[in-house]
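Visitor:
Numbering (the numbering used here), first residue to last: 3 to 192.
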């Protein structure tokens with residue numbers, strides 16, 4: 003891999019910390035690729051980018067709230083224009099705000115659905131046609147053990163993560179004829 007950025011293009015949302023940052027570093031260390039890091043916190047993204055760049059991986063940072071339809075359209079449009087269609091999209095953005103159903107405000111509910119589910123839909127939709135046209139690509143969805151079970155205080159998060167699993171399964175069914183792979187991970191608590 004050279005610093006010019008030859009290699010597969012990997013886009014990772016929620017890349018500023020946790021699983022997203024670890025995923026970026028794993029790609030940077032393992033294979034020749036160009037890495038696009040997306041999250042709201044650009045300062046943290048720059049820290050992750052510096053760690054990736056230390057392995058000679060070409061990194062690109064885009065600050066974006068992936069729950070905002072217009073922001074996603076703008077950032078993904080810029081990525082497609084400047085870097086081309088991604089080979090891998092890792093939908094990792096998300097958040098957790100524990101609350102019982104009785105105490106949960108509609109705003110908390112919607113925030114959890116947006117950050118954990120709608121963000122994956124928006125980013126996937128933005129890149130999907132470029133992968134269909136190329137007849138290749140991989141979408142990775144970061145689900146959770148909450149994708150398959152519920153627990154007290156986690157209704158909104160569990161509902162959203164169940165939705166992520168359903169979204170990924172539907173995408174897989176729609177894209178199999180186009181040569182596009184869909185992978186879902188269901189990690190435990192982090």
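Ideal placement from N, C-alpha and C gives every residue a C-beta, glycine not left out. Since we're looking at a predicted model, the values are computed, not measured.
Thinking C-alpha only, which one of 81, 67, 90 and 49 is nearest residue 33?
Guide: Stepping through the chain shown from its first residue, residue 33 is reached at position 31. Here the closest residue by C-alpha is 90.
Visitor: Using CA coordinates, which residue listed in 23, 15, 68 and 70 is at the minimum distance from residue 55?
Guide: Residue mapping note: residue 55 aligns to position 53 of the chain shown, counting from 1. Per the Cα distances, 23.
Visitor: Which runs of the alpha helix (DSSP H), 4 residues or longer, sit entirely within the region 39–63?
Guide: You should have 44–55.
Visitor: Let me make sure I understand the geometry here. Which of 70, 146, 144 and 43 has the alpha-carbon closest to that of residue 63?
Guide: Position 61 of the chain shown holds residue 63. Taking only the C-alpha atoms, the option nearest residue 63 is 43.
Visitor: What residue from 180, 177, 179 and 165 has the CA that sits closest to residue 188's CA?
Guide: Position 186 of the chain shown, counting from 1, holds the residue named residue 188. Residue 188 has its Cα closest to that of 165, out of 180, 177, 179 and 165.
Visitor: Enumerate, from N- to C-terminal direction, the unbroken alpha helix (DSSP H) stretches of 4 or more residues contained entirely within the region 104–192.
Guide: DSSP runs (the alpha helix (DSSP H)) wholly in the region 104–192: 108–115, 121–136 and 157–177.
Visitor: Which residue comes first and which comes last in the alpha helix (DSSP H) that contains residue 25?
Guide: In the chain shown, counting from the first residue as 1, residue 25 sits at position 23. First-last of the alpha helix (DSSP H) with residue 25: 20–32.
Visitor: Which same chain residues, not among the five before or five after residue 46, have their C-beta less than 7 Å away from its C-beta?
Guide: Taking the first residue of the chain shown as 1, we reach residue 46 at position 44. Same-chain partners within the cutoff: 18 and 19.
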